[in-house]
Structure formats: C-alpha cells, structure tokens
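Inspection log for the structure reproduced underneath, given as structure tokens.
In this note's numbering, the protein residues as written are 271 to 433.
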C-alpha cells in the first residue's frame with residue numbers, strides 16, 4: 271500500500287526480513303547494493319482508496335510498513351475523510367507528534383499510545399515517552415475514543431473489532 275498506484279522497490283534485508291521497506295531514493299538503493307546486505311524486489315503498489323469502495327465501513331486497519339505509514343494513510347484520505355475507518359493501529363518510529371499523527375488528528379482521530387501491560391494492552395496519552403527495549407512505539411488512532419477505552423478495560427487481550 272502507498273499513496274499512489276504503480277511499481278515500487280521493496281528492500282529486503284538479508285538478516286531480518288521483518289525490516290523490509292519500500293525504497294525511497296536512488297542513493298539509498300546504491301548504498302545498500304554496495305553493502306550487499308539487501309535484496310530488492312519490484313512490487314505492485316495500490317492505495318486503500320482503490321481497494322475499498324468509498325462506502326465501505328472498516329472497523330480496524332493495522333499498519334506496519336517500516337516508515338511508509340504516512341504514504342499509506344495519504345492513499346486512504348478519501349476513506350478517512352468520510353469517516354469510513356474507525357480504528358487505525360500503527361507503528362511510528364518517529365514518536366509523537368509526527369506527520370502521521372498530525373494527519374490523523376487533522377481528520378478528527380484521537381491518538382493513544384498502546385503499551386503492553388501484563389494482563390492487557392494499556393492505552394496511554396500519545397505524549398507518554400515510555401521506552402521499550404526492542405519494540406517501536408505503537409499507537410491507536412480512533413474515531414471513538416470512549417469505545418476504545420471501555421473495550422480495553424477488561425483483563426485479557428481483546429480485539430478492537432468487538433462491539
């Protein structure tokens with residue numbers, strides 16, 4: 271997913287495929303090819319606006335695209351502006367505030383930081399500077415903050431898809 275259709279270049283690290291990402295610049299491609307620690311693959315790009323009809327209602331979208339979150343959300347602005355996506359869960363290596371959180375807040379989303387509690391996920395203010403030793407910060411952007419808070423009060427790992 272991205273902010274436009276077409277072809278992109280996916281960079282896949284040789285050691286940790288979980289860090290694969292779309293390549294933004296020719297300089298980065300050249301540098302990483304010289305280091306010989308990445309493989310590159312052409313991939314088809316689409317936008318969420320193209321995949322879903324503008325009348326679709328989406329409960330939860332989970333985005334984990336290693337730094338390409340803003341572009342994915344830019345490709346969903348029609349759905350977002352028409353309030354067709356209730357909850358968006360995303361990683362944000364930049365922390366808060368960022369271009370990603372600013373875009374979502376401009377469309378009326380409330381942002382929470384998601385922290386792994388022992389018994390359940392815990393919603394914190396987005397400005398909470400908790401640091402996890404290996405996990406990047408995760409956030410919830412929601413159109414229904416009271417619902418999210420209520421739903422995640424129960425012990426256990428619940429899904430936001432419940433009513």
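The beta carbon of each residue, even a glycine, is placed where N, CA and C say it ideally should be. As the structure is a computational prediction, the values presented were derived from the model and not from experiment.
Legend entry - Collapsed DSSP secondary structure at residue 283 in the structure displayed: strand
Legend entry - Reduced DSSP secondary structure (H/G/I, E/B, other) of residue 317: coil
Inset, instruction - Can you have a look at residue 313 and say buried or exposed, based on whether 16 or more other CB atoms are within 10 angstroms of its CB? - result: exposed
Inset, instruction - Assign residue 290 to one of three DSSP states: helix, strand, or coil. - result: coil
Inset, instruction - For residue 333, collect the residues of the same chain with a Cβ closer than 6 Å to its Cβ; drop the 5 residues on either side in sequence, then sort them by chain order. - result: 339, 342 and 360
Legend entry - Exposed unless 16 or more other CB atoms sit within 10 angstroms - verdict on residue 407: buried
Inset, instruction - Quickly, what does DSSP pair residue 335 with across the bridge? List them, please. - result: Note: residue 335 sits in no beta bridge, so no partner.
Legend entry - Residue range of the beta strand (DSSP E) that includes residue 356: 355–361
Legend entry - Collapsed DSSP secondary structure at residue 422 in the structure displayed: coil
Inset, instruction - Determine the closest residue to residue 352 out of 292, 376 and 367, with distance taken between C-alpha atoms. - result: 376
Legend entry - Distance, residue 388 Cα to residue 425 Cα: 9 Å
Inset, instruction - Would you tell me roughly how many angstroms separate the C-alpha atoms of residue 435 and residue 315, rounded to the nearest one? - result: Absent from the model: residue 435. The displayed extent of the chain is 271 to 433, so no value can be given.
Inset, instruction - Using the Cα positions of residue 386 and residue 392, report the straight-line distance between them to the nearest angstrom. - result: 6 Å
Inset, instruction - Determine the burial state of residue 418: buried for a count of at least 16 other Cβ atoms within 10 Å of its Cβ, exposed for fewer. - result: buried
Legend entry - Same chain only: Cβ atoms within 6 Å of residue 363, ignoring 5 sequence neighbours per side: 406
Inset, instruction - Evaluate residue 378 with the Cβ neighbour count: other Cβ atoms within 10 Å of its Cβ, from every protein chain shown; 16 or more gives buried, anything less gives exposed. - result: exposed
Legend entry - CA nearest to the CA of residue 350, picked from 413, 423 and 279: 413
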